[in-house]
Amino acid sequence: MTRNTNNEFVQSKILENQLYEVLLYKKMEVLAIQERIAERKLGINDNAIQTALNQSKKAEILDYSLDYTSKLLFDLVEKIISIEEDLETGGHPMLIILHRYRKDLMDVSIGEFSLREKYHLLLYLEADISMIQAYLDIVGYTNEETIKEDAEKDVRAYIQKFRHSKFGNTEIHQ
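Rendered as structure tokens:
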């Protein structure tokens, strides 16, 4: 019984680390979006790049104890909501609600999110990032095709592992 529990814990930590890597990739995409917005505004305002950089650094500091993956996830949601407001585009309702009620959610959940919940939030985040990239004609976070292909392989591998783990609901995701 203890051995099985240890294996589940190790598997959970591996999946958590892989999710964090995917979120770091998403962070690069968000930064590319912010740069594109700054480039578009450059003709209107010479300080646009600085403004975009300041906005990317300006994240509300919430006083709660979250694991590193949840912190990054909430940071990305914060940035995407800010970008959507700036562009006046609609976002995924789930992310908007999450952003609006994040403090209450932290109090209720005591800062603990399951891997499944994080995975679903990642899917919502991905949908919004893709929508914004299409709106701004952004292909990816970089022009180097090999980096993009490697990152996409990592994302696919993570999703595949998650689907086959006991944390993923294979009936829903297939």
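If you want the working numbering, it's the 1-based position in the sequence shown plus 1.
From the three backbone atoms N, C-alpha and C, an ideal C-beta is built for every residue, glycine too.
When DSSP states are grouped into helix, strand and coil, Ser-166 belongs to the coil group.
Looking only at Ser-131, Glu-9, Thr-6, the smallest Cα-Cα distance to Lys-27 is reached by Ser-131.
Per the coordinates, the alpha-carbon of Thr-90 lies some 31 angstroms from the alpha-carbon of Ala-158. Shown here for Gly-92: same chain residues with a beta carbon closer than 6 angstroms to its own, the five before and five after excluded, namely Glu-85, Asp-129 in chain order. C-alpha of Val-11 to C-alpha of Ala-152: approximately 23 angstroms in a straight line.
Residue state for Thr-90 is assigned as coil, using DSSP reduced to three classes. Put simply, of Leu-88, Asn-8, Asp-87, Glu-79 the residue whose alpha carbon is nearest the alpha carbon of Leu-99 is Glu-79.
Within the same chain, Cβ atoms closer than 8 angstroms to the Cβ of Leu-73 are found at Tyr-21, Leu-24, Leu-25, Lys-28, the five residues on either side in sequence being excluded. The Cβ atoms of Tyr-125 and Leu-88 lie no closer than 7 angstroms to each other. With a beta-carbon spacing of about 7 angstroms, Leu-16 and Lys-162 fall inside the 8 angstroms limit used to define contacts. Annotated three-state conformation of Val-140 is coil, per DSSP.
Ile-139 and Arg-41 do not touch by the CB rule: their CB atoms are close to 11 angstroms apart, not below 8 angstroms.
Within a 10 Å sphere around the beta-carbon of Ala-33 sit 16 or more other beta-carbons, which makes this residue buried. In this model, Ala-135 and Ser-13 are separated by some 34 angstroms (Cα to Cα). Across the set Glu-30, Tyr-120, Ser-83, His-165, the C-alpha of Tyr-120 shows the shortest separation from the C-alpha of Ser-71. By a beta-carbon distance limit of 8 angstroms, Ile-81 contacts Val-31. Their separation comes to about 7 angstroms.
Taking the Cα of Tyr-69 as reference, the smallest distance to any Cα among Leu-43, Gln-19, Ser-166 is reached at Gln-19.
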